[in-house]
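Student: Here's a structure for you.
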Amino acid sequence: MLDVSHARLMGGRPCEDAIWRQIVTVLDAADRGCDLFDIEELRRDYSAEEFANLLMCEFVDDSASVFPLTMLQPCQVDYKPFAVRPYGDRAVWIGYDPAETGDSAGIVVVAPPLVPGGKFRVLERHQFKGMEFKDQAAFIEQITKRYWVTYIGVDATGMGTGVAQLVRQFFPGVTVFNYSPEVKTRLVLKAYDVINDERLEYDAGWTDLTQSLLAIQKTITPSGRQVTYTAGRSRTTGHADLAWALTHALQSEPLEGGRAARGTMEIF
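Heads up, the sequence shown is in the numbering used here, so the first residue is 3 and it goes up one at a time.
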């Protein structure tokens with residue numbers, strides 16, 4: 003078995019499989035004289051888990067995540083959107099999650115499956131920080147001009163109300179979500195069902211979407227009476243806005259909708 007611990011590889015060495023490996027963490031770089039960053043500022047910008055994963059070369063601890071990394075890895079595939087209308091005349095769904103105080107808003111564009119039980123494909127994802135409501139709504143409107151949008155799901159809780167009202171002007175059929183423990187549970191259960199069945203695909207390079215999904219955890223409400231789902235806030239994931247935006251888009255399919263219906267046909 004290969005020893006790939008930091009203590010073993012910090013100086014670099016040829017391993018037993020004849021491949022030379024070295025691990026250099028941000029602290030190693032600072033100790034060796036690199037002054038292009040401030041360690042304490044980085045600790046403030048990133049959560050402890052992100053700091054360990056991104057800057058200390060440690061594996062992600064997904065033990066508390068609703069969506070563990072082993073479940074997300076099969077979803078990570080490549081996508082190359084070169085066309086003016088990247089998905090032609092096929093239908094797409096949009097999910098939007100608004101910004102909360104000091105973090106970002108998220109939008110995802112999802113291509114639904116063409117057949118029952120088929121795969122969803124995340125075509126685009128965007129995050130906004132400090133953007134006005136009207137500008138976010140205008141961005142969503144531009145997406146509707148590039149795709150044939152048949153569904154838009156928006157979190158209208160709190161600051162999302164303004165965006166929802168503006169979106170309704172050009173897309174009257176917008177679906178709004180007013181968050182409660184029950185609504186969050188319904189959103190997460192649908193997303194879990196899709197991902198667990200390996201029915202979701204997105205670009206393998208979109209680590210922000212992966213981290214956003216990893217951030218969602220099951221918790222208990224302050225009253226202690228109900229189970230809910232929350233996510234910590236960080237510079238990279240916000241409040242898991244991309245993950246919540248994805249759950250909004252997936253709600254266009256019923257929880258049981260991914261399974262092909264069984265029926266009979268009689269010929270007389």
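For glycine and all other residues, C-beta sits at the position ideal for the given N, C-alpha and C. No experiment lies behind these values; they were computed from the predicted model shown.
Helix or strand or just coil, what does DSSP make of F39?
Tutor: Residue numbering aside, residue 39 sits at position 37 when the sequence shown is read from its first letter. Correct three-state label for F39: coil.
Student: Within the same chain, show all residues whose beta-carbon is closer than 6 angstroms to that of E200, passing over the 5 residues directly before and after it, in chain order.
Tutor: Translated into positions along the sequence shown, residue 200 becomes position 198. Once the five neighbours on either side are set aside, the close Cβ partners of E200 are P76.
Student: If G108 and A247 are in contact, beta carbons under 8 angstroms, what's the gap, nearest whole angstrom?
Tutor: As a first step, residue 108 must be located in the sequence shown, where it is residue number 106. As a first step, residue 247 must be located in the sequence shown, where it is residue number 245. Right, their Cβ atoms sit about 4 angstroms apart.
Student: With a 10 Å radius around its C-beta and 16 neighbouring C-beta atoms as the bar for buried, classify V196 as buried or exposed.
Tutor: For the purposes of this step, residue 196 is taken as residue 194 along the sequence shown, with counting starting at 1. The residue is buried, with at least 16 neighbouring Cβ atoms inside 10 Å.
Student: Where does Q219 fall in DSSP's three states?
Tutor: Along the sequence shown, read from residue 1 onward, the residue named residue 219 stands at position 217. Correct three-state label for Q219: strand.
Student: Tell me whether V169 sits in a helix, a strand or coil according to DSSP, three-state version.
Tutor: Mapped onto the sequence shown, residue 169 falls at position 167. The answer is helix: DSSP assigns V169 an H, G or I state.
Student: For I222, I'd like the list of residues in its chain whose CB is within less than 8 angstroms of its CB, leaving aside the five on either flank, ordered along the chain.
Tutor: Your numbering for residue 222 matches position 220 in the sequence shown. Contacts found: Q228, V229 and T230.
Student: Across which residues does DSSP place V178 in a beta bridge pair?
Tutor: By 1-based counting over the sequence shown, the position of residue 178 is 176. Paired residue(s): V156.
Student: Judging by CA-CA distance, which residue of Y48, E134, K186 and A31 is the nearest neighbour of L168?
Tutor: Taking the first residue of the sequence shown as 1, we reach residue 168 at position 166. Comparing Cα positions, the closest option is E134.
Student: For N198 and G14, I'd like the C-alpha separation in whole angstroms.
Tutor: In the sequence shown, residue 198 corresponds to position 196, counting from 1. In the sequence shown, residue 14 corresponds to position 12, counting from 1. The alpha-carbon atoms of N198 and G14 are separated by roughly 38 angstroms.
Student: Compare the C-alpha of P70 against each of A251, S225 and S214 and name the closest.
Tutor: In the sequence shown, residue 70 corresponds to position 68, counting from 1. Ranking the options by Cα distance to P70, first place goes to S214.
Student: Relative to the C-alpha of L191, which residue among L252, G97, D99 and Y48 is closest?
Tutor: Here residue 191 is taken as the residue at index 189 of the sequence shown, counted from 1. Nearest option by C-alpha distance: L252.
Student: Quick check on P100: buried or exposed, where buried means 16 or more other Cβ atoms within 10 Å of its Cβ?
Tutor: Residue 100 sits at position 98 when you count from the first residue of the sequence shown. P100 should be labelled buried.
Student: Answer yes if the segment 123-130 comes into contact with the segment 151-163, meaning at least three C-beta pairs across the two stretches below 8 angstroms, and no otherwise.
Tutor: Too few Cβ pairs lie closer than 8 angstroms, so no.
Student: With distance defined between alpha-carbon atoms, name the residue in M3, L4, Q24 and R92 nearest to L11.
Tutor: Reading the sequence shown from its first residue, position 9 is the one you call residue 11. Here the closest residue by C-alpha is Q24.
Student: Excluding five sequence neighbours on each side, which residues of the same chain lie with their C-beta closer than 7 angstroms to the C-beta of D63?
Tutor: Counting from one through the sequence shown, the residue named residue 63 turns up at place 61. Excluding residues within five positions, the ones whose Cβ falls inside 7 angstroms are E51.
Student: Please determine if the segment 111-123 and the segment 179-189 are in contact, where contact requires at least 3 C-beta pairs separated by less than 8 angstroms.
Tutor: With a cut-off of 8 angstroms, the segment 179-189 and the segment 111-123 do not count as touching, because too few Cβ pairs lie within range.
Student: Rounded to whole angstroms, what is the Cα-Cα separation between L44 and T72?
Tutor: Along the sequence shown, one-based indexing puts residue 44 at 42. Along the sequence shown, one-based indexing puts residue 72 at 70. Roughly 28 angstroms between the two C-alpha positions.
Student: DSSP state of S7, grouped into three classes?
Tutor: Numbered from 1 along the sequence shown, position 5 holds the residue referred to as residue 7. Reduced to three states, the DSSP call for S7 is coil.
Student: Ordered along the chain, which non-local residues of its own chain (more than five positions away) have a Cβ less than 6 angstroms from that of F172?
Tutor: Locating residue 172 in the sequence shown gives position 170, where the first residue counts as 1. If we look at F172 and ignore the five residues flanking it on each side, its Cβ neighbours are E143.
Student: If we ignore side chains and look at the alpha-carbon of each, how far apart do D40 and N55 end up?
Tutor: Sequence index remark: in the sequence shown, residue 40 carries index 38 (1-based). Sequence index remark: in the sequence shown, residue 55 carries index 53 (1-based). For D40 and N55, the distance between alpha carbons rounds to 17 angstroms.
Student: Looking at L74 and T212, is the spacing between their C-beta atoms short of 8 angstroms?
Tutor: Locating residue 212 in the sequence shown gives position 210, where the first residue counts as 1. Locating residue 74 in the sequence shown gives position 72, where the first residue counts as 1. Yes, these two residues count as a Cβ contact at 8 angstroms.
Student: Using DSSP's beta-bridge definition, name the partner residues of Y98.
Tutor: By one-based count along the sequence shown, residue 98 stands at place 96. The partner list for Y98 (beta bridge, DSSP) reads I109 and V156.
Student: May I have the straight-line CA-CA distance separating T146 from V156, to the nearest angstrom?
Tutor: On the sequence shown, position 144 is the one that residue 146 refers to. On the sequence shown, position 154 is the one that residue 156 refers to. Their backbone Cα atoms lie some 15 angstroms apart in a straight line.
Student: Do A113 and Y98 count as a contact pair if the criterion is CB distance below 8 angstroms?
Tutor: For the purposes of this step, residue 98 is identified with residue 96 of the sequence shown, where counting begins at 1. For the purposes of this step, residue 113 is identified with residue 111 of the sequence shown, where counting begins at 1. Going by C-beta atoms, Y98 is not nearer than 8 angstroms to A113.
Student: Please name the residue, chosen from A139, T249 and V111, that lies closest to D205 on a Cα-to-Cα basis.
Tutor: Within the sequence shown, residue 205 is the residue found at index 203, counting from 1. When each option's Cα is compared against that of D205, the closest is V111.
Student: Relative to the C-alpha of I96, which residue among V117, R148 and S67 is closest?
Tutor: Taking the first residue of the sequence shown as 1, we reach residue 96 at position 94. Residue R148 is the option with its Cα nearest to I96.
Student: Here's a check: name, in chain order, each residue in its chain whose Cβ is nearer than 6 angstroms to the Cβ of T239, leaving out the five neighbours to either side.
Tutor: As a first step, residue 239 must be located in the sequence shown, where it is residue number 237. Bear in mind that the predicted position of T239 carries a pLDDT of just 46, short of 50, making it too unreliable to give a figure here.
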